[in-house]
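Be aware that the sequence shown starts at 1, since it is given in full-length UniProt numbering, and climbs by one per residue.
C-beta atoms are modelled at their ideal positions from N, C-alpha and C, and glycine is treated no differently.
Please read all numbers here as calculations on a predicted model, not as lab measurements.
What follows is a single structure, written as structure tokens, with notes after it.
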Amino acid sequence: MITIPDLGIVLPLALAGFAGLLVGSFLNVVIYRVPAGLSLVRPRSACPECGTQLRAMENLPVLSWLMLRGRCRHCHTRISAIYPLVEVGTALSFALVTAWLIAAHERTTSAAAFWVNFVAFLYLAAVSICLTLIDTRTHRLPDRIVLPMYPVGAVLFAVGAATGSGVQPLVTALLGAVGFWAAYALLRFAYPQGMGLGDVKLAGAVGLFAGWCGWESAVVAFFAPFILGGLHATVLLLTRRVTRKTPLPFGPWIISGTWLGVIAGPSVVAGYLALVGLTL
Numbered sequence: 001m002i003t004i005p006d007l008g009i010v011l012p013l014a015l016a017g018f019a020g021l022l023v024g025s026f027l028n029v030v031i032y033r034v035p036a037g038l039s040l041v042r043p044r045s046a047c048p049e050c051g052t053q054l055r056a057m058e059n060l061p062v063l064s065w066l067m068l069r070g071r072c073r074h075c076h077t078r079i080s081a082i083y084p085l086v087e088v089g090t091a092l093s094f095a096l097v098t099a100w101l102i103a104a105h106e107r108t109t110s111a112a113a114f115w116v117n118f119v120a121f122l123y124l125a126a127v128s129i130c131l132t133l134i135d136t137r138t139h140r141l142p143d144r145i146v147l148p149m150y151p152v153g154a155v156l157f158a159v160g161a162a163t164g165s166g167v168q169p170l171v172t173a174l175l176g177a178v179g180f181w182a183a184y185a186l187l188r189f190a191y192p193q194g195m196g197l198g199d200v201k202l203a204g205a206v207g208l209f210a211g212w213c214g215w216e217s218a219v220v221a222f223f224a225p226f227i228l229g230g231l232h233a234t235v236l237l238l239t240r241r242v243t244r245k246t247p248l249p250f251g252p253w254i255i256s257g258t259w260l261g262v263i264a265g266p267s268v269v270a271g272y273l274a275l276v277g278l279t280l
């Protein structure tokens with residue numbers, strides 16, 4: 001049974017999830033059109049097989065796909081399940097990020113800090129979904145998505161610094177952006193076959209967001225992609241699903257490592273230091 005106090009968390013999570021469904025519907029457009037160099041506004045969404053434009057009722061997140069039974073109403077071509085999965089995944093991501101922010105806000109005193117973080121990290125969640133799917137499919141990290149992360153993050157965190165969060169998180173964020181970009185650029189210079197330029201640009205952008213959360217988050221966000229990506233590549237090699245020459249996208253691991261750092265960075269650092277017998 002849901003008690004009255006429980007409704008205080010249920011309502012914002014439900015609203016965040018609903019917003020995620022709507023945003024997820026737009027992300028499907030971004031994921032399909034940006035790599036192809038198409039406009040996000042025109043033309044209207046259409047069946048990729050027969051070109052029939054979708055009606056308003058056929059653009060409802062998840063529901064339209066279910067009502068059409070996963071097929072185009074005109075040519076009956078099967079519609080990929082990736083579309084509703086992106087919408088549901090975005091809804092879940094928004095709800096989880098909101099729950100994390102609400103829990104984190106209980107340890108702070110600034111309402112302004114909460115709203116800055118709310119906008120910033122829901123934006124990061126949306127961008128993360130787009131870039132993960134695009135890089136997995138095309139091995140590209142489009143500038144149209146990556147580069148705006150710099151001004152968006154910088155402006156939001158500057159507002160946060162001016163409205164209660166203080167200058168220190170902003171300084172850490174800027175250092176994170178510069179440090180991540182420089183380190184990845186050096187790796188790109190030393191081993192261009194293993195590091196794409198898009199990875200360098202993305203690293204600087206996520207360094208901004210991770211740095212805002214503190215140096216522990218930045219440290220974890222920097223090292224985790226190499227550990228997670230290395231483990232994944234090792235499994236693929238051992239199962240002979242790839243060879244040493246098979247190109248693998250690294251963007252999804254940069255993003256995964258960033259979220260690990262953002263959400264659990266201090267805990268990971270504390271656990272590691274305890275494991276090796278050190279203290280801060």
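As for any alpha helix (DSSP H) of minimum length 4 sitting wholly inside the segment 14–77, the runs are 63–67, ordered along the chain. At least 8 Å separates the beta-carbon of T258 from that of A183.
Ranked by Cα distance from R188, the options S93, D199 and V88 are led by D199. For Y191, there is no enclosing alpha helix (DSSP H), as DSSP marks it with neither H nor E.
Put simply, the backbone Cα of L141 is about 11 Å away from that of A203.
Residue environment analysis places M149 among the buried positions, since at least 16 neighbouring C-beta atoms fall within 10 angstroms of its C-beta.
Residues of the same chain with a CB within less than 6 Å of the CB of L170, apart from the 5 flanking positions on each side, are F157 and A161 in chain order. The distance from the Cβ of V206 to that of I134 is about 15 Å, inconsistent with a contact at the 8 Å cut-off. Taking 8 Å as the upper bound for CB-CB distance, L21 and T90 are in contact here, some 7 Å apart. Beyond the five residues adjoining it in sequence on each side, A95 comes within less than 7 Å, by CB distance, of L13, A16, G17 and G20 in the same chain, given in chain order.
Inside the segment 76–119, DSSP marks no whole beta strand (DSSP E) run of 3 or more residues. Taking each of V269, V242, R244 and L228 in turn and checking the Cα distance to F250, the smallest one comes out for L228. In this structure, L54 and S45 form a Cβ contact; the two beta carbons are roughly 5 Å apart against a cut-off of 8 Å. Not a single unbroken stretch of the beta strand (DSSP E) spanning 3 or more residues falls wholly within the segment 128–155.
Per the coordinates, the alpha-carbon of P192 lies some 32 Å from the alpha-carbon of P266.
Note that the C-beta distance between P61 and E87 is below 8 Å.
A distance below 6 Å between beta-carbons, with the five flanking residues on each side excluded, links A112 to the following residues of its chain, in chain order: T163 and G164.
If you draw a 10 Å sphere on the C-beta of K245, you find fewer than 16 other C-beta atoms in it, and that means exposed.
DSSP places S267 in the uninterrupted alpha helix (DSSP H) bounded by G251 to L275.
Cβ-Cβ distances below 7 Å link V152 to Y123 in the same chain, with the five nearest sequence neighbours on each side left out; the list follows chain order.
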